[in-house]
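Protein sequences, first through last, are from chains E and X.
For the first sequence, numbering that gives the first Met the number 0 begins at 0 and goes up steadily by one.
For the second sequence, numbering that gives the first Met the number 0 begins at 0 and goes up steadily by one.
Below is one structure, written out as structure tokens, with a few remarks after it.
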Amino acid sequence: MNNPEKIKDDILRQYIGPESTEKAPEGFTANIMSRIQVETVHSKRAVYNSQNYRIPALSVIVTVAFIAAVLLIGNGNNESLNPVSDFIRSLKITFPTFEIPKMKGFTLPGWFPYIFITILILALFDRSLFRLFHRDKEKL
Amino acid sequence: MTYKGDILYIEQVLAGNSNSFSYIVDRHKDKAFNLAFRICGNREEAEEIAQDSFMKAYRSLGSFKMKSSFATWLYRIVYNTAISNVRVKRKGVLSLEDFPADATDFIGANTTEEEAESEYRKSIINFALQKLNEEERGLITLFYFEEMDSDEISEVTGIGKPNIKVKLFRARQKMLEIIEKTEKKKFIYHE
């Protein structure tokens with residue numbers, strides 16, 4: 000810095016003293032910490048929710064496997080296709096067919112009522128899971 | 000280099016103890032707030048900018064390199080947040096008529112003459128800073144208030160070192176012209 004610049008710098012420094020520094024307002028740290036706490040709770044909730052998606056995902060996989068096994072038995076094919084169908088076949092369960100007497104000639108496919116019952120069970124299961132999630136959200 | 004206390008608390012935060020961040024905030028809040036305030040010129044906005052900057056720092060603490068200075072890293076966040084905030088909310092230019100005539104305007108029931116003089120000087124600086132553009136305000140604050148050298152200023156602002164010297168020269172010149180005009184007004188008022 001040359002001499003005239005040094006003079007200008009000194010003049011400016013006379014105006015800008017340590018007392019010119021503005022201090023952060025009261026409660027500044029507390030405000031940030033409460034924002035951090037809110038954010039931490041949100042991120043914990045996100046982790047919690049993602050962990051709980053495993054339960055419905057697992058239930059869907061089990062149900063699909065079960066339906067597949069039932070359908071494979073129901074198609075009258077006696078060839079061994081997978082261990083699940085082998086196991087169910089070994090139980091020697093026969094599925095009744097449903098006929099509606101008033102509508103002659105109309106027969107429901109054998110697997111149809113079972114699909115309907117499975118959907119109903121899944122819907123109830125979904126409802127109970129929803130209640131579980133909702134209750135935990137309110138707690139948070 | 001990062002202050003050892005900062006490293007200790009940063010490591011604690013990264014280990015999952017978010018409460019340790021309060022020590023970091025306490026240590027740097029005044030300087031961060033001052034930088035935000037000098038750039039935007041409004042206490043409420045400065046508080047918001049400083050808080051947002053600390054939150055950004057908290058979220059990206061994992062990417063902070065311990066070998067560099069935490070203060071410089073934080074000021075870079077504050078500087079960038081404040082500059083972009085000011086660019087979004089551009090305000091009208093203040094006129095010299097808006098400025099109080101002299102220190103007597105700052106004398107209150109419980110204020111001494113010395114305190115009033117100090118307040119007057121502070122407001123001259125605030126007024127002069129508001130006549131500069133946001134980049135110049137940032138440079139003046141980092142150089143005079145935070146007492147950083149041009150290397151550190153370059154790290155915070157991302158402006159090259161030779162460019163900083165030129166910009167600081169111009170900003171200083173402008174500031175002095177404004178202060179001179181303001182002080183002249185004071186003498187005219189007293190004649």
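The C-beta atom is built at its ideal place from N, Cα and C for all residues, glycine as well.
Could you check how far apart the C-beta atoms of ARG37/X and THR140/X are, in whole angstroms? I think they sit under 8 Å.
With 8 Å as the limit, ARG37/X and THR140/X qualify as a contact, their Cβ atoms being about 4 Å apart.
Are the CB atoms of ILE23/X and ALA35/X nearer to each other than 7 Å?
Their beta carbons are not under 7 Å apart, which means ILE23/X does not touch ALA35/X by this criterion.
Give me the Cα-Cα distance between MET174/X and ASN16/X, rounded to the nearest whole angstrom.
Rounded to the nearest angstrom, the two C-alpha atoms are 45 Å apart.
Quick check on MET65/X: does DSSP put it in helix, strand or coil?
Coil.
List the endpoints of the continuous alpha helix (DSSP H) containing PHE53/X.
Taken as a continuous stretch (DSSP letters only), the alpha helix (DSSP H) holding PHE53/X covers 42-58.
Counting only beta-carbon atoms, is VAL155/X nearer than 7 Å to chain E?
No, because no Cβ of chain E sits closer than 7 Å to the Cβ of VAL155/X.
What are the boundary residues of the alpha helix (DSSP H) that LEU131/X is part of?
Run containing LEU131/X: none; DSSP gives neither H nor E here.
Using the Cα positions of THR71/X and LEU57/E, report the straight-line distance between them to the nearest angstrom.
Whole-angstrom Cα-Cα distance: 49 Å.
Out of THR117/E, PHE132/E, GLN36/E, point me to the one whose CA is closest to SER19/X's CA.
For the residues THR117/E, PHE132/E, GLN36/E, the minimum Cα distance to SER19/X belongs to GLN36/E.
Hey, how far is the Cα of PHE63/X from the Cα of ARG26/X?
If you take the alpha carbons of PHE63/X and ARG26/X, they lie about 17 Å apart.
Between LYS5/E, LYS7/E, ARG126/E, PHE111/E, which has its C-alpha nearest ILE66/E's C-alpha?
Among LYS5/E, LYS7/E, ARG126/E, PHE111/E, the Cα nearest to that of ILE66/E is on PHE111/E.
Comparing alpha-carbon positions, which option in THR39/E, GLU18/E, THR62/E lies nearest LYS30/X?
Cα-wise, what sits closest to LYS30/X is GLU18/E.
Rounded to whole angstroms, what's the CA-CA distance from GLN172/X to ALA14/X? Just pull it up for me.
GLN172/X and ALA14/X: Cα-Cα distance of roughly 48 Å.
If we call anything under 7 Å between Cβ atoms a contact, is SER21/X one with THR28/E?
Going by C-beta atoms, SER21/X is nearer than 7 Å to THR28/E.
Using the Cβ count rule (16 or more neighbours within 10 Å means buried), how would you classify TYR52/E?
Exposed, since its Cβ has fewer than 16 Cβ neighbours within 10 Å.
Between the region 54-62 of chain X and the region 109-120 of chain X, do three or more beta carbon pairs fall short of 8 Å?
Short answer: they don't touch.
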